[in-house]
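I have placed the structure first, in the form of structure tokens, so that the comments after it can refer back to it.
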Amino acid sequence: MSDDITNMHITNNWVEAAISKKYIKYYEFKDFQNIEKIGNNPGKVYRAKWKNLKQYFVLKSFDLDNTFVKEIIQELEFNVHNNIIFSFGITNKGIKYDVNKNRYLQ
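According to the numbering used here, the residues represented by the sequence shown are 1 to 106, in order.
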């Protein structure tokens, strides 16, 4: 197995463990509606409504690669600042078992 695939499996395992230990809250992607791309620097940024709420939420995409866990940790660390939008949790586009196409949204 190549180093890249091994690292992706380690990253995926870390994310799954963080979700199961409730360090990161997981949301079903199917519960988001009216998804609209609003930016792409760095990564893709979307706005979406969650379930039947009138309020929009921001979804930021991450590629599952070697820097993914560092980005998630950085996002969670920034939650303590008043001027930074709070990170509520994580979701995925439903393709999480294809290691080469894994995308997570936060």
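Glycine is no exception: its CB is placed at the ideal position from the N, C-alpha and C atoms. Just so it is clear, the structure is predicted and the values come from calculations on it, not from any experiment.
Neighbour-count burial assignment, residue i, 16 or more Cβ in a 10 Å radius
| i | result |
| --- | --- |
| Thr91 | buried |
| Ile72 | buried |
Alpha carbon of residue i to alpha carbon of residue j, nearest angstrom
| i | j | result |
| --- | --- | --- |
| Ile38 | Ser61 | 12 angstroms |
| Lys21 | Val15 | 10 angstroms |
| Asn52 | Ala17 | 29 angstroms |
| Lys101 | Lys54 | Any reading at Lys101 must be qualified, since the residue scores a pLDDT of 42, below 50, and its modelled position is unreliable; no value is offered. |
| Tyr26 | Ile19 | 6 angstroms |
| Tyr46 | Asn40 | 9 angstroms |
| Trp50 | Glu36 | 13 angstroms |
| Asp31 | Ala48 | 10 angstroms |
| Asn13 | Gln74 | 18 angstroms |
Closest Cα partner of residue i within the set the options
| i | options | result |
| --- | --- | --- |
| Gln33 | Lys44, Val15 and Val58 | Val58 |
| Phe88 | Ile35, Ile24, Asp31 and Glu36 | Ile24 |
| Lys93 | Asn12, Phe29 and Ile19 | Phe29 |
| Gly43 | Thr67, Asp31 and Tyr56 | Thr67 |
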